[in-house]
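2 protein chains.
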Amino acid sequence: MAKKLKLEADISTEEKIKAAATTVFMQKGYAATRTRDIAEAAEINLALLNYYFRSKEKLFEIVMLEKVQKLFGLIIPIVTDETMDLEKKIELITANYIDMLVENQDLPIFVLSEIKNHPEKFANRIQAGSLLSNSSFVKQLHEKVPHVNPIQFLMSVIGMIIFPFVGKPIFQTATGADSTMFNGMMEERKKLIPIWVKAMMAAS
Amino acid sequence: MAKKLKLEADISTEEKIKAAATTVFMQKGYAATRTRDIAEAAEINLALLNYYFRSKEKLFEIVMLEKVQKLFGLIIPIVTDETMDLEKKIELITANYIDMLVENQDLPIFVLSEIKNHPEKFANRIQAGSLLSNSSFVKQLHEKVPHVNPIQFLMSVIGMIIFPFVGKPIFQTATGADSTMFNGMMEERKKLIPIWVKAMMAAS
DNA sequence: AATTATTTTAATCATTTGATTAAAATATTT
DNA sequence: AAATATTTTAATCAAATGATTAAAATAATT
């Protein structure tokens, strides 16, 4: 066997396990994942997983927090920006989200489903909620359309962006679209959704 | 113990197990569900579950097919209707879906997540796809807005309707809304979404 | 009422699974 | 090079889990 410098080995082994855990957890969900699946994917002995991460649950929490961050972190700096105008924010949220989701298509269903299965652990810990509610984005929406609850728009925009990825198994078989076609449609949505949202605001 | 007529016992016990299985599967998902959880919820001996349904997987398939039917069955008769006009269809789909989802809030995340976890078993078996693609609803969309892929509208409408329920754990903590407030917002969406979709079509 | 068929139970299996332990291998420090 | 610390492995545990079996209880039929 080849010699390994300590630090390199440390990072490499630990990261290898975490990367494998990320892959397997995202694909199968927490409950259906066996620690042996992760060990096999990481090409390490099962005991090493517990040596580095103590338990399946602890390892999962690390993966999960990273994915929650990835799913919700994107939107916070945009909606809280005090200088950008409303329409620009909508364009940016749409484009950034779709770009990220095209590269991480399993992310939304994984995160939303695991939050639902472990609400006591994650639901409260996500303060994206209060950040959003008090954001300048919500204020701008309220100024533009005072008689509609801004959350109604927020749900719709996020829904239009995220839902195609959540419902992909359906739409895919529904339309016989391959991945290239699906991604092409998502690309098209970066233009469509901002146009639509502006029309929605004007109509309300 | 009270006497039981054979047929009554049959239906009652079998239905009791199926009802309990539905509850537990919907709440925890397939992988996290233990057959003992179901037996306990149904107040029956564990062996009875296997006596009536052979295996956890067979029982799950029965529950799952019913739920898939519930989630997708609603939309088919409307979108395939050859006489109803486009705007009426949008109103009806929205109202019917929201009414049903308010009563079955866990349905979308359960079905979509399980389909994702067992694609080989369910994804292809759902022919809602081809029905949709060739529906008069899609034709009507294409006539009204020829230069936009009708599936783009479909994804948006379904997304606006379903996503609030999928993302409920987020929006709930996000807004501090209780269930009554959430349901009230869903009620409001029955009016908002058709207005919005009409505006979207006019703007495209 | 006696016999047969159906339903239910208690006990138990064989696997799977998360985790631990003690020893071996490797790296680091002295 | 010797001593010490860290990393990795093989073997194993205890608990959980899906499923089965044989017997008991109940219902239906003759």
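From first to last, the protein sequence lines stand for chains A and B.
No gaps in the numbering here: position 187 of the first sequence is 187 in my numbering, and each next residue is one more.
No gaps in the numbering here: position 56 of the second sequence is 260 in my numbering, and each next residue is one more.
C-beta atoms are modelled at their ideal positions from N, C-alpha and C, and glycine is treated no differently.
Chain A contact residues for residue i, given Cβ-Cβ distances below 8 Å
| i | result |
| --- | --- |
| residue 271 of chain B | Chain A residues near residue 271 of chain B: none, gap ~14 Å exceeds 8 Å. |
| residue 280 of chain B | Here the premise fails: no neighbours, minimum Cβ distance about 12 Å. |
Beta carbon of residue i nearer than 8 Å to that of residue j
| i | j | result |
| --- | --- | --- |
| residue 196 of chain A | residue 360 of chain B | yes |
| residue 405 of chain B | residue 342 of chain B | no |
| residue 131 of chain A | residue 96 of chain A | no |
| residue 313 of chain B | residue 28 of chain A | no |
| residue 38 of chain A | residue 21 of chain A | yes |
| residue 290 of chain B | residue 358 of chain B | no |
| residue 235 of chain B | residue 177 of chain A | no |
| residue 370 of chain B | residue 166 of chain A | yes |
Assumed close pair residue i, residue j - CB separation to whole angstroms, cut-off 8 Å
| i | j | result |
| --- | --- | --- |
| residue 70 of chain A | residue 107 of chain A | 6 Å |
| residue 221 of chain B | residue 256 of chain B | 6 Å |
| residue 323 of chain B | residue 169 of chain A | 6 Å |
| residue 162 of chain A | residue 367 of chain B | 7 Å |
| residue 403 of chain B | residue 128 of chain A | Rounded, the Cβ-Cβ distance is 28 Å, inconsistent with contact. |
| residue 41 of chain A | residue 23 of chain A | 6 Å |
| residue 49 of chain A | residue 59 of chain A | 7 Å |
| residue 133 of chain A | residue 379 of chain B | 6 Å |
Per-residue contacts from residue i into chain B (C-beta, under 8 Å)
| i | result |
| --- | --- |
| residue 28 of chain A | 235, 321 |
| residue 188 of chain A | 353, 356 |
| residue 136 of chain A | Ordered by position in chain B, no residue passes the 8 Å Cβ test against residue 136 of chain A, which lies about 16 Å from the chain. |
| residue 86 of chain A | By Cβ distance, chain B contributes nothing, its closest Cβ being about 16 Å from residue 86 of chain A, past 8 Å. |
| residue 46 of chain A | What residue 46 of chain A touches in chain B: nothing, since even the nearest Cβ is about 20 Å away. |
| residue 92 of chain A | By Cβ distance, chain B contributes nothing, its closest Cβ being about 19 Å from residue 92 of chain A, past 8 Å. |
9 Å Cβ cut-off: residues of chain B touching residue i
| i | result |
| --- | --- |
| residue 64 of chain A | Chain B residues near residue 64 of chain A: none, gap ~13 Å exceeds 9 Å. |
| residue 129 of chain A | 374, 375, 376, 377, 378, 379, 380 |
| residue 195 of chain A | 404, 407, 408 |
| residue 55 of chain A | Within 9 Å Cβ-Cβ: nothing; residue 55 of chain A doesn't reach chain B, min ~17 Å. |
| residue 179 of chain A | Those do not exist, as residue 179 of chain A stays about 14 Å from chain B at its closest Cβ, beyond 9 Å. |
Cutoff 7 Å; reference residue i; Cβ partners in own chain excluding five residues on either side
| i | result |
| --- | --- |
| residue 208 of chain B | Interpretation of residue 208 of chain B is limited by its pLDDT of 37, a score under 50 that renders its predicted location unreliable; the figure taken from the coordinates is listed afterwards. Around residue 208 of chain B: no qualifying Cβ. |
| residue 295 of chain B | 398 |
| residue 35 of chain A | 46, 49, 56 |
| residue 25 of chain A | 33, 60, 63 |
| residue 76 of chain A | 128, 131 |
| residue 356 of chain B | none |
| residue 98 of chain A | 161, 186, 189, 190 |
Residues that residue i contacts on chain B, provided the C-beta gap is smaller than 7 Å
| i | result |
| --- | --- |
| residue 166 of chain A | 316, 370 |
| residue 163 of chain A | 359, 362, 363, 366, 367 |
| residue 12 of chain A | Under the 7 Å cutoff, chain B gives no residues; its nearest Cβ is about 31 Å from residue 12 of chain A. |
| residue 59 of chain A | Under the 7 Å cutoff, chain B gives no residues; its nearest Cβ is about 17 Å from residue 59 of chain A. |
Chain A residues whose Cβ lies nearer than 9 Å to that of residue i
| i | result |
| --- | --- |
| residue 226 of chain B | Ordered by position in chain A, no residue passes the 9 Å Cβ test against residue 226 of chain B, which lies about 16 Å from the chain. |
| residue 304 of chain B | Correct list: empty, because the minimum Cβ distance to chain A is about 16 Å. |
| residue 389 of chain B | 149, 151, 152, 155 |
| residue 253 of chain B | Here the premise fails: no neighbours, minimum Cβ distance about 19 Å. |
Close Cβ partners of residue i (< 6 Å) along its chain, the five nearest in sequence each way excluded
| i | result |
| --- | --- |
| residue 193 of chain A | 94, 160 |
| residue 219 of chain B | none |
| residue 276 of chain B | 332 |
| residue 309 of chain B | 369 |
Cross-chain neighbours of residue i in chain A, by beta carbon under 7 Å
| i | result |
| --- | --- |
| residue 373 of chain B | 115, 116, 119, 123 |
| residue 313 of chain B | 112, 113, 116 |
| residue 345 of chain B | Simply none; closest approach about 13 Å. |
Cutoff 8 Å; reference residue i; Cβ partners in own chain excluding five residues on either side
| i | result |
| --- | --- |
| residue 377 of chain B | none |
| residue 340 of chain B | 283, 284, 285, 286 |
| residue 272 of chain B | 315, 319, 326, 330 |
| residue 223 of chain B | 246 |
| residue 288 of chain B | 282, 296 |
| residue 293 of chain B | 282, 283, 285, 341, 344 |
| residue 143 of chain A | none |
Would you say the region 179-187 of chain A touches the region 381-392 of chain B, given that touching needs at least three Cβ pairs under 8 Å? Under the 8 Å Cβ criterion, the region 179-187 of chain A does not count as touching the region 381-392 of chain B, having fewer than three qualifying pairs.
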